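Participant: Quick note on full-length UniProt numbering: the sequence shown kicks off at 1 and runs consecutively.
We treat Cβ as the ideally placed atom computed from N, Cα and C, and that holds for glycine.
These numbers were taken from a predicted model, which means no experiment stands behind them.
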Amino acid sequence: MTIATLHELHRPLGSTGLMVSPLGLGTVKLGRDQGVKYPNGFQIPDDDAARMLLKQARELGINLIDTAPAYGRSEERLGPLLRGQRQDWVIVSKVGEEFADGLSRHDFSATHTRMSVERSLQRLETDFIDLVLVHSDGNDLAILEHEEVYATLAALKAEGKIGGFGFSGKTVEGGLKALEQGDCAMVTYNLNEQNESAVIDYAAAHGKAILVKKALASGHVCLSPGVDPVRASFELLFTRPGVASAIVGTINPLHLAHNVATVAQVLRGH
1 MTIATLHELH RPLGSTGLMV SPLGLGTVKL GRDQGVKYPN GFQIPDDDAA
51 RMLLKQAREL GINLIDTAPA YGRSEERLGP LLRGQRQDWV IVSKVGEEFA
101 DGLSRHDFSA THTRMSVERS LQRLETDFID LVLVHSDGND LAILEHEEVY
151 ATLAALKAEG KIGGFGFSGK TVEGGLKALE QGDCAMVTYN LNEQNESAVI
201 DYAAAHGKAI LVKKALASGH VCLSPGVDPV RASFELLFTR PGVASAIVGT
251 INPLHLAHNV ATVAQVLRGH
């Protein structure tokens, strides 16, 4: 039996010119185990386990990796782990949220935004990041209307330090406004929560990119007996034009393989 992979199923990330796998690997669990909302506890994998997970993801056709300064040590671990593989990955990181001593704080100023991107470049050991998203605190419209973060990201894009920029928000209004000037919105969309679907529709109509977070409801989905929640989740997502990729933050190799096989089946119509 051949192993299902996503190599042949890469798709455009909006109009950024990037081609991405329909599943992306979220890396919060590589760097942070405090203040995260998962149903089960987990241990942050050591370097060998993390290296094996990244190798497995690559072999399964995943080329999209999602990280953030707020993910603890995730970025600084990924730098060395991805050495010599930069051309194999589309890297998404974030600005706006910092996490230290078990607490988050937010800063959307121009100074902090530029510092944060420069620091991410150093940590990730790269001279450009494919996509940088604003890590919203929930006050989406206030951030976009009154803060300097979007203008600063546009400048960093013009300088070639980032390939594109966008917004990981929590409201429909924020998502729509973010896509007017940005390249991408990251939205929550799953079997339990679909209130940001208007943002996906807007993106589909305007050639913008959508990344989906919490596609599997962070492991909380429960359905009737006999229904595979992973399959049902991906069927919901990938019937929507506009969705480029779903970010899944598993560190379990079996879950990763199952997710990939399921997405491959859904997209190939089996």
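May I ask which residues mark the beginning and end of the alpha helix (DSSP H) holding F238?
Facilitator: Counting from one through the sequence shown, the residue named residue 238 turns up at place 238. P229 to F238 is the span of the alpha helix (DSSP H), which, as asked, contains F238.
Participant: By alpha-carbon positions, which one of E235, T250, N190 and G182 ends up nearest to residue 283?
Facilitator: An answer regarding residue 283 cannot be provided, because it is not within the stretch 1 to 270 covered by the chain.
Participant: Who does H10 pair with in a DSSP beta bridge?
Facilitator: Taking the sequence shown and counting its residues from 1, the one referred to as residue 10 is at position 10. None; H10 has no bridge partner.
Participant: Determine the extent of the alpha helix (DSSP H) in which D140 is found, giving its start and end residues.
Facilitator: Translated into the one-based positions of the sequence shown, residue 140 becomes position 140. Unbroken alpha helix (DSSP H) run through D140: D140 to H146.
Participant: Between which residues of its own chain and residue 273 is the CB-CB distance below 8 Å, once the five residues before and five after are set aside?
Facilitator: Outside the shown range of the chain, which is 1 to 270, sits residue 273, and nothing can be said about it.
Participant: What did DSSP end up calling residue 328 once you bin it into helix, strand or coil?
Facilitator: The structure shown has nothing for residue 328, since the chain only spans 1 to 270.
Participant: For the pair the segment 86-97 and the segment 61-72, tell me if three or more CB-CB distances fall below 8 Å.
Facilitator: Enough Cβ pairs lie closer than 8 Å, so yes.
Participant: Decide yes or no for the touch test of the segment 111-121 against the segment 50-59: beta carbon pairs closer than 8 Å, at least 3 of them.
Facilitator: No: fewer than three Cβ pairs fall under 8 Å.
Participant: Could you spell out where the alpha helix (DSSP H) holding I200 opens and where it closes?
Facilitator: Within the sequence shown, numbered from 1, the residue matching residue 200 stands at position 200. That run of the alpha helix (DSSP H) goes S197 to H206.
Participant: Buried or exposed: M186, going by 16 or more other Cβ atoms within 10 Å of its Cβ?
Facilitator: Here residue 186 refers to the residue found at position 186 when the sequence shown is read from its first residue. With 16 or more other Cβ atoms within 10 Å, it is buried.
Participant: Helix, strand or coil for T152 per DSSP?
Facilitator: The count along the sequence shown starts at 1 and reaches residue 152 at position 152. In the structure shown, T152 sits in a helix (DSSP, three-state: H, G or I).
Participant: From T250, C184 and L191, pick the residue whose C-alpha is nearest to that of N40; which is it?
Facilitator: Sequence index remark: in the sequence shown, residue 40 carries index 40 (1-based). Of the listed residues, the one whose Cα sits closest to N40 is T250.
Participant: Which residue marks the beginning of the beta strand (DSSP E) containing D130, and which one marks its end?
Facilitator: Here residue 130 corresponds to residue number 130 of the sequence shown, with the count starting at 1. Its beta strand (DSSP E) spans residues I129 to H135.
Participant: Counting only the same chain and skipping the five closest in sequence on each side, list residues whose C-beta sits under 7 Å from that of G26.
Facilitator: Position 26 of the sequence shown, counted from the start, is the residue given in the question as residue 26. The residues are D66, I247, V248 and G249.
Participant: Among residues of its own chain, excluding the 5 on either side of K29, which ones have a beta-carbon nearer than 7 Å to its beta-carbon?
Facilitator: Taking the sequence shown and counting its residues from 1, one reaches residue 29 at position 29. Closer than 7 Å at Cβ, skipping near neighbours: F42, I44, G249 and I251.
Participant: With distances taken from CA atoms, which of G102, H135 and D101 is nearest V117?
Facilitator: Along the sequence shown, read from residue 1 onward, the residue named residue 117 stands at position 117. With distances taken between Cα atoms, V117 lies closest to H135.
Participant: Taking a contact to mean a Cβ-Cβ separation below 9 Å, would you say D137 touches E98 in this structure?
Facilitator: Working through the sequence shown from its first residue, we reach residue 137 at position 137. Working through the sequence shown from its first residue, we reach residue 98 at position 98. Cβ distance not < 9 Å, so D137 and E98 don't count as in contact.
Participant: For T113, which of helix, strand or coil comes out of DSSP?
Facilitator: The sequence position of residue 113 within the sequence shown is 113, counting from 1. T113 falls in the helix class under three-state DSSP.
Participant: When burial is assigned at 16 or more other CB atoms within 10 Å of the CB, is L254 buried or exposed?
Facilitator: Sequence index remark: in the sequence shown, residue 254 carries index 254 (1-based). With fewer than 16 Cβ atoms within 10 Å of its Cβ, L254 is classed as exposed.
Participant: What span of residues does the alpha helix (DSSP H) with K55 cover, start to end?
Facilitator: The count along the sequence shown starts at 1 and reaches residue 55 at position 55. Here the alpha helix (DSSP H) through K55 covers D47 to E59.
Participant: If we ignore side chains and look at the alpha-carbon of each, how far apart do S109 and S245 end up?
Facilitator: For this step, residue 109 is matched to residue 109 along the sequence shown. For this step, residue 245 is matched to residue 245 along the sequence shown. Cα-Cα distance, rounded: 29 Å.
Participant: Kindly examine the ligand ZN and report whether one of its heavy atoms sits closer than 8 Å to the Cβ of A185.
Facilitator: As for the ligand ZN, it is missing from this structure, which has no ligand bound.
Participant: For G72 and G31, which I take to be in contact (beta-carbon distance under 8 Å), what is that distance rounded to the nearest angstrom?
Facilitator: Residue mapping note: residue 72 aligns to position 72 of the sequence shown, counting from 1. Residue mapping note: residue 31 aligns to position 31 of the sequence shown, counting from 1. Right, their Cβ atoms sit about 4 Å apart.
Participant: How is E97 classed by DSSP in three states: helix, strand or coil?
Facilitator: On the sequence shown, residue 97 is found 97 positions in, with the first residue counted as 1. Three-state DSSP puts E97 in a strand.
Participant: Using the Cα positions of T188 and K213, report the straight-line distance between them to the nearest angstrom.
Facilitator: Residue 188 sits at position 188 when you count from the first residue of the sequence shown. Residue 213 sits at position 213 when you count from the first residue of the sequence shown. Straight-line Cα distance between these residues: approximately 5 Å.
Participant: Can you tell me whether R83 is helix, strand or coil according to DSSP?
Facilitator: Counting from one through the sequence shown, the residue named residue 83 turns up at place 83. Three-state result, R83: coil.
Participant: Going by Cα to Cα distance, which pick from D140, P80 and K157 is closest to L131?
Facilitator: The residue you call residue 131 lines up with position 131 of the sequence shown. Closest by alpha carbon: K157.
Participant: Where does S104 fall in DSSP's three states?
Facilitator: In the sequence shown, counting from the first residue as 1, residue 104 sits at position 104. S104 falls in the strand class under three-state DSSP.
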